[in-house]
Amino acid sequence: FDRDTSEMFIVVKLSPMRFVHIQSQVLTLTEYLTEGVLGALTKRVAASAAQAARELAEEEAIGEKVFYVYAQGFDFVLPQAAYSEHFFLLKVGNLDVTFVGYPTPGQSEIKLDLEEVTMSCS
219 FDRDTSEMFI VVKLSPMRFV HIQSQVLTLT EYLTEGVLGA LTKRVAASAA
269 QAARELAEEE AIGEKVFYVY AQGFDFVLPQ AAYSEHFFLL KVGNLDVTFV
319 GYPTPGQSEI KLDLEEVTMS CS
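Residue numbers (our numbering): 219 to 340.
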């Protein structure tokens with residue numbers, strides 16, 4: 219991709235990380251954010267973000283919009299229960315995602331590459 223002819227070019231590089239999904243904690247956090255003290259703020263921010271997205275989508279594009287995300291060493295852990303020693307593990311050595319939005323409305327392209335993928339249960 220040519221950065222000089224692209225309207226937007228974003229590169230995100232993520233270092234090794236591990237995500238642990240515990241259902242009860244995720245639901246509690248989600249409820250706090252949507253219904254709790256931050257609920258009103260979240261709704262205002264969401265409305266502003268939605269308006270900005272609409273304006274961006276309606277703008278006449280003059281070039282490609284390229285988003286490139288590279289993550290190295292990505293682990294996703296899904297425990298059977300919060301305090302269980304049994305879990306599902308998805309390990310990805312490298313995750314490479316490229317999204318290109320073309321100036322013509324409705325035209326885009328996405329490429330996803332995964333390397334060294336393993337899944338296990340213990």
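Just so you know, even glycine gets a beta-carbon here, dropped at the ideal spot from N, CA and C.
In this text the structure is predicted, and so the values were computed from the model without any measurement.
- Taken in chain order, the unbroken stretches of beta strand (DSSP E) that lie wholly in the segment 290-331 and span 3 residues or more are 305-319.
- L296 is positioned such that its CB atom lies closer than 8 angstroms to that of H239.
- DSSP, read as helix, strand or coil, puts T246 in helix.
- In this structure, the beta-carbon distance from L307 to S338 falls below 8 angstroms.
- In the structure shown, the three-state DSSP call for S266 is helix.
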